[in-house]
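Asks: Chains as they are written, first to last, in this note's numbering: chain A, 1 to 321; chain B, 1001 to 1321. C-beta atoms are modelled at their ideal positions from N, C-alpha and C, and glycine is treated no differently.
There are 2 protein chains.
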Amino acid sequence: MIYIGIDLGGTKIAAGVTDKDGKILAEAATPTLAQRPYQEVVRDMADCALKALQQSGHSLAEVGTIGVGIPGVAENKNGVVIFCTNLGWHDVPLREELQKHIDKPVYIDNDATVAALAESRAGVSKDAHSSIFLTLGTGVGGGIVFDGKPWTGAHGVGTELGHITMEIDGIPCTCGKRGCLERYCSATALIRMGKEAAVQQPDSLMVKRAGSVDAINGKIIIDCAREGDPAAAAVFDRYTKYLAIAVNTMVSFFDPEMIVLGGGISMAGQFLLDAIKEKIPSYLMYKTLPYGKLELAVLGNGAGIIGAAMLGMILKEGETL
Amino acid sequence: MIYIGIDLGGTKIAAGVTDKDGKILAEAATPTLAQRPYQEVVRDMADCALKALQQSGHSLAEVGTIGVGIPGVAENKNGVVIFCTNLGWHDVPLREELQKHIDKPVYIDNDATVAALAESRAGVSKDAHSSIFLTLGTGVGGGIVFDGKPWTGAHGVGTELGHITMEIDGIPCTCGKRGCLERYCSATALIRMGKEAAVQQPDSLMVKRAGSVDAINGKIIIDCAREGDPAAAAVFDRYTKYLAIAVNTMVSFFDPEMIVLGGGISMAGQFLLDAIKEKIPSYLMYKTLPYGKLELAVLGNGAGIIGAAMLGMILKEGETL
């Protein structure tokens, strides 16, 4: 049996075919062109999946399930995407629409949950009974894998770790509330802090490297911090303090066996990990107690396809048991 | 089969015998006298349990397990209490010591976890697949029940909901960090806020009712808020705002089917529930999404015995499966 995984992004649709261990056998991609009617986007998702299938040399009869990761919230019971801000989707019957093109069982979940599942099946958290995945990108996404299965809550609105309150009455968030964790821990937040610091300290290496305050990005801030620029180092210090507090929340709440950091900011690698680990003890209760390992994601962009494929396989298995 | 449940508190040991549904058949209590060597405390725990057993009319042969709820952190693998601040316990081999007196399987967990389990087996969250329990007392304790079983984390340090950061670099906590949720959501926090307000507004009904600022307690603050005293109402408003933020954290993180409030403050009943529910929408992301029910605990003091008894029964079942 093989499994189709589709990674639906705001700009790109990536689809692939994997074996039962999450090994990608073939993949294909096409632009999302999100402004189109959803029916057209879904048709391209199906075309992309069938193209990958053909390339893999396998037949449709061998396909067990289709899994889809979306940048939003879905309801697996009825296969409906409740909302998906980047795509402007609201109550889209994704399963029904996709099955018009490929008649296989369809399962849908949030992209961070799907990435969490990928790492727990084929990546860094492979042997962990419980793990939490945090994507540090434009926003902050979260995924929980427990006993090999994804958990997104009783109503599918859990593991939205980016929307835990970090600063009461803090910076307004796109979700409608204020002070959300993603306003302090996302790449967007790091860039905001970097630009604010650069305005205050125009001599900073960040400005020199970027050419202008406006052109400062996450990589420049991290590179300059690594090279010892005081303004960038202070920003990075503040940013990783927020991340250490986020790690404490995950430990005190759920105490997973492993916490995995993914998304663009995780490309900072060991430099990021060391900065957070150094700060964690200040934000943990009772310093002497054991807690989970903090690690970097290893699957990169492949996580979307792998996790979506594994999602279908696992949820189908659960129904069959 | 019947089950022994022991509720070990800082001032009182309560022990009881329950049936498989958590119905208390008999109970007994004795002072903890926490300053004694732990061996003496454990001997009294055993005596108390055996007294309840005798009163129940059942024999020791009918006892399946012994469960113990402690105000601290325990490691069930080896039956050791890692620490228990109120009792001054650190690495106490509770299982081994208790089995010197009663030779039955012994299981230990945090008292809030045990209370969560009690409510989920015999109380308000009986039919919920997932529930989170929050005790609002001297501190704030937390318990998660998932699929009928307690979850305290991969290292037993999870569901310490009282030690999630609520205010970055906020009020120092007994756990060694700052700004913990329990510094804003416990009865202790409510009393602190009430006294601070009374100092500022000495004409407050709170002072009149208590006789002095120092004598203000949680019940007086809540009663005065209910009666419309402006100072007390402002304190209660601030306190329930913190609780609404805590509820958002639980929803965004875990999205349980039900959130249950217990502990002394929950005695404020519907008045408390209404105040929190009114504020929740301001602190939830995407206002239109469904989320879990917020309810009051119903088992009161019995929860400690019932939950401990159920803990033993469930964990033993898990091992036998």
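Using the Cβ count rule (16 or more neighbours within 10 Å means buried), how would you classify Pro-1169 of chain B?
Replies: As a position in the second sequence, residue 1169 of chain B is number 169, starting the count at 1. According to the sequence displayed, residue 1169 of chain B carries Asp and not Pro. Burial call: exposed.
Asks: Let me confirm a value: Lys-279 of chain A is counted as buried when at least 16 other C-beta atoms fall within 10 Å, else exposed. Which label applies?
Replies: Counting from one through the first sequence, the residue named residue 279 of chain A turns up at place 279. So Lys-279 of chain A counts as buried.
Asks: Going by DSSP, what residue range makes up the alpha helix (DSSP H) through Glu-96 of chain A?
Replies: As a position in the first sequence, residue 96 of chain A is number 96, starting the count at 1. Segment 94 to 99, the alpha helix (DSSP H) holding Glu-96 of chain A.
Asks: For Ala-116 of chain A, which option in A:Thr-320, A:Glu-319 and A:Gly-300 has the closest C-alpha, if you only look at C-alpha atoms?
Replies: Against the first sequence, residue 116 of chain A aligns to sequence position 116. That would be A:Gly-300, whose Cα lies nearest to the Cα of Ala-116 of chain A.
Asks: How many Å lie between Phe-1133 of chain B and Ile-1108 of chain B at the Cα?
Replies: Within the second sequence, numbered from 1, the residue matching residue 1133 of chain B stands at position 133. Within the second sequence, numbered from 1, the residue matching residue 1108 of chain B stands at position 108. Whole-angstrom Cα-Cα distance: 18 Å.
Asks: To which residues of the same chain is Thr-989 of chain B closer than 7 Å at the C-beta, ignoring the five residues directly before and after it?
Replies: Past the edges of chain B, shown from 1001 to 1321, lies residue 989 of chain B, and the structure says nothing about it.
Asks: When the distance is taken between beta carbons, is Asp-1021 of chain B closer than 8 Å to Ala-1154 of chain B?
Replies: For the purposes of this step, residue 1154 of chain B is taken as residue 154 along the second sequence, with counting starting at 1. For the purposes of this step, residue 1021 of chain B is taken as residue 21 along the second sequence, with counting starting at 1. Against a cut-off of 8 Å, the Cβ pair of Asp-1021 of chain B and Ala-1154 of chain B comes out as no contact.
Asks: Quick check on Leu-25 of chain A: does DSSP put it in helix, strand or coil?
Replies: Here residue 25 of chain A refers to the residue found at position 25 of the first sequence. Correct three-state label for Leu-25 of chain A: strand.
Asks: Return the first residue and the last residue of the alpha helix (DSSP H) that Leu-273 of chain A is part of.
Replies: In the first sequence, counting from the first residue as 1, residue 273 of chain A sits at position 273. Leu-273 of chain A -> alpha helix (DSSP H) spans 270 to 279.
Asks: How big is the Cα-Cα spacing for His-994 of chain B and Gly-1088 of chain B?
Replies: Any answer about residue 994 of chain B is impossible in this case: the structure gives chain B only from 1001 up to 1321.
Asks: Is Gly-1072 of chain B closer than 8 Å to Ala-1112 of chain B when the C-beta atoms are compared?
Replies: Position 112 of the second sequence holds residue 1112 of chain B. Position 72 of the second sequence holds residue 1072 of chain B. No, they are not a contact pair.
Asks: Can you give me the Cβ contacts of Thr-174 of chain A inside the same chain, cut-off strictly under 8 Å, excluding the 5 residues immediately before and after it?
Replies: Within the first sequence, residue 174 of chain A is the residue found at index 174, counting from 1. So the qualifying residues of the chain are Thr-85 and Gly-139.
Asks: Report the option in B:Ala-1074, B:Ile-1220 and B:Gly-1162 whose CA atom is closest to the CA atom of Leu-1261 of chain B.
Replies: In the second sequence, the residue the question calls residue 1261 of chain B occupies position 261. Closest option to Leu-1261 of chain B, Cα to Cα, is B:Gly-1162.
Asks: Using a Cβ-Cβ cut-off of 8 Å, state whether Phe-1253 of chain B counts as contacting chain A.
Replies: Walking along the second sequence from the start, residue 1253 of chain B turns up at place 253. Yes, its Cβ sits closer than 8 Å to a Cβ of chain A.
Asks: At a Cβ cut of 7 Å, what residues of the region 127 to 146 of chain A count as close to chain B, listed as they run along the chain?
Replies: Listed by position along the chain: His-129 and Ser-130.
Asks: With a cut-off of 8 Å, does the C-beta of Tyr-1239 of chain B fall near any C-beta of chain A?
Replies: Translated into the one-based positions of the second sequence, residue 1239 of chain B becomes position 239. Not one chain A Cβ lies under 8 Å of Tyr-1239 of chain B.
Asks: Spatial neighbours of Ala-118 of chain A within its chain, please: CB distance less than 6 Å, with the 5 preceding and 5 following residues excluded, ordered by chain position.
Replies: Position 118 of the first sequence, counting from 1, holds the residue named residue 118 of chain A. The residues are Leu-299, Ala-303, Ile-306 and Gly-307.
Asks: Beta-carbon separation of Gly-263 of chain A and Gly-137 of chain A under 8 Å?
Replies: In the first sequence, the residue the question calls residue 263 of chain A occupies position 263. In the first sequence, the residue the question calls residue 137 of chain A occupies position 137. A contact, by the Cβ cut-off of 8 Å.
Asks: Is the beta carbon of Gly-64 of chain A less than 8 Å from the beta carbon of Met-310 of chain A?
Replies: Taking the first sequence and counting its residues from 1, one reaches residue 64 of chain A at position 64. Taking the first sequence and counting its residues from 1, one reaches residue 310 of chain A at position 310. The answer is no: Cβ separation not under 8 Å.
Asks: Taking only beta-carbon atoms, is Asn-1248 of chain B less than 8 Å away from chain A?
Replies: Position 248 of the second sequence holds residue 1248 of chain B. Answer yes: the Cβ-Cβ gap between Asn-1248 of chain B and chain A drops below 8 Å somewhere.
Asks: Strictly by DSSP, which residues pair up with Phe-1133 of chain B?
Replies: Locating residue 1133 of chain B in the second sequence gives position 133, counting from the first residue. BP columns for Phe-1133 of chain B point to B:Gly-1143 and B:Val-1260.
Asks: Mind checking who Pro-1031 of chain B pairs with in its DSSP beta bridge?
Replies: Residue numbering aside, residue 1031 of chain B sits at position 31 when the second sequence is read from its first letter. Answer is B:Lys-1012.
Asks: With a 10 Å radius around its C-beta and 16 neighbouring C-beta atoms as the bar for buried, classify Thr-11 of chain A as buried or exposed.
Replies: The sequence position of residue 11 of chain A within the first sequence is 11, counting from 1. That one is exposed.
Asks: Measure the alpha-carbon distance for Leu-1289 of chain B versus Gly-1228 of chain B and round it to whole angstroms.
Replies: For this step, residue 1289 of chain B is matched to residue 289 along the second sequence. For this step, residue 1228 of chain B is matched to residue 228 along the second sequence. Answer to the nearest angstrom: the Cα atoms are 33 Å apart.
Asks: Hey, is Val-1247 of chain B close to the ligand SAM, as in C-beta under 7 Å from one of its heavy atoms?
Replies: As presented, the structure is devoid of all ligands, the ligand SAM included, so that no description of it is given.
Asks: Please work out which residues of its chain come closer than 8 Å, Cβ to Cβ, to Trp-151 of chain A, disregarding the five sequence neighbours upstream and downstream, and give them in chain order.
Replies: Counting from 1 along the first sequence, the entry for residue 151 of chain A is found at position 151. Once the five neighbours on either side are set aside, the close Cβ partners of Trp-151 of chain A are Ile-144, Val-145, Gly-158 and Thr-159.
Asks: For Leu-1117 of chain B, list the residues DSSP reports as bridge partners.
Replies: Working through the second sequence from its first residue, we reach residue 1117 of chain B at position 117. DSSP, once it has assigned bridges, lists no residue as partnering Leu-1117 of chain B.
Asks: For Glu-1160 of chain B, name the three-state secondary structure that DSSP assigns.
Replies: In the second sequence, residue 1160 of chain B corresponds to position 160, counting from 1. DSSP places Glu-1160 of chain B in coil when its eight states are reduced to three.
Asks: My assumption, with CB atoms under 8 Å, is that Arg-209 of chain A sits in contact with Cys-224 of chain A. Please give the rounded CB distance.
Replies: The count along the first sequence starts at 1 and reaches residue 209 of chain A at position 209. The count along the first sequence starts at 1 and reaches residue 224 of chain A at position 224. Indeed, because the Cβ distance is near 6 Å, the residues count as touching under 8 Å.
Asks: Hey, could you find the ends of the beta strand (DSSP E) Ile-222 of chain A is sitting in?
Replies: Here residue 222 of chain A corresponds to residue number 222 of the first sequence, with the count starting at 1. It is not in any beta strand (DSSP E) - Ile-222 of chain A instead sits in the alpha helix (DSSP H) that spans 218 to 226.
Asks: For the alpha helix (DSSP H) containing Val-251 of chain A, list its first residue and its last residue.
Replies: One-based indexing of the first sequence puts residue 251 of chain A at position 251. That run of the alpha helix (DSSP H) goes 230 to 253.
Asks: So Asp-1044 of chain B is in the alpha helix (DSSP H); what residue range does that whole segment cover?
Replies: Residue mapping note: residue 1044 of chain B aligns to position 44 of the second sequence, counting from 1. Unbroken alpha helix (DSSP H) run through Asp-1044 of chain B: 1038 to 1056.
Asks: Does any residue of chain B bring its CB to less than 8 Å from the CB of Ile-276 of chain A?
Replies: Start at 1 with the first residue of the first sequence, and residue 276 of chain A comes out as number 276. Chain B contact via Cβ: absent.
Asks: Taking only the alpha-carbon atoms, compute the straight-line gap between Cys-1180 of chain B and Ile-1164 of chain B and give it to the nearest angstrom.
Replies: Along the second sequence, one-based indexing puts residue 1180 of chain B at 180. Along the second sequence, one-based indexing puts residue 1164 of chain B at 164. C-alpha separation (whole angstroms): 5 Å.
Asks: Tell me Gly-67 of chain A's beta-bridge partners as DSSP assigns them.
Replies: Within the first sequence, numbered from 1, the residue matching residue 67 of chain A stands at position 67. According to DSSP, Gly-67 of chain A bridges with A:Gly-5 and A:Tyr-107.
Asks: Under 8 Å between the Cβ atoms of Ile-82 of chain A and Ile-4 of chain A?
Replies: Numbered from 1 along the first sequence, position 82 holds the residue referred to as residue 82 of chain A. Numbered from 1 along the first sequence, position 4 holds the residue referred to as residue 4 of chain A. No, they are not a contact pair.
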